Amino acid sequence: SQAIAGVESLLDSERKMLPFMRVWCLCEIHEAVACTKKPLVIACGQAVVQAEESGGAGGHRFVSSLAHLYNMQYFADVESAEASVAADRDRILDEVRQDP
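Residue 150, in our numbering, is where the sequence shown stops; the numbers in between run on with no holes.
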């Protein structure tokens with residue numbers, strides 16, 4: 051499937067930056083949505099370095115990207131989420147599966 055091919059193409063460093071790839075992040079997202087019954091809003095984009103010499107204050111700014119949002123559908127595969135401890139991953143995914 052496209053989701054699996056997309057996930058496999060990521061470097062480890064890239065996987066760690068995507069909340070959809072970390073089971074603990076998914077657990078927190080699930081709890082927030084389940085407890086508040088409010089919609090989840092996620093911004094997709096990238097951090098861009100602001101050069102001080104161009105009038106910026108330095109640091110980074112967020113630039114949204116519809117292309118990144120579109121591509122997220124290929125990486126948002128809950129079953130591929132990872133955890134440092136396998137037992138944590140199994141327990142969290144079981145809990146999420148059982149919640150209506």
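For each residue, glycine too, the CB sits at the ideal point set by N, CA and C. Since the structure is predicted, the reported quantities are computational estimates derived from the model, not experimental observations.
query                                                                                                                                 : result
How about Ile142 and Cys85: do their beta carbons lie closer than 9 Å?                                                                : no
For Phe70, which three-state DSSP category applies?                                                                                   : helix
Looking only at C-alpha atoms, which of Gly109, Pro69, Cys94, Val83 sits nearest to Asp149?                                           : Val83
Apart from the five residues on each side of it in sequence, which residues of its chain come closer than 8 Å, Cβ to Cβ, to His118?   : Cys94, Gly95, Gln96
Are Glu145 and Met71 close, meaning C-beta to C-beta below 9 Å?                                                                       : no
Buried or exposed: which applies to Val135, given that a residue is buried once 16 or more other Cβ atoms fall within 10 Å of its Cβ? : exposed
Would you mind reading off the limits of the alpha helix (DSSP H) that contains Gln100?                                               : First-last for Gln100: undefined, no H or E at that position.
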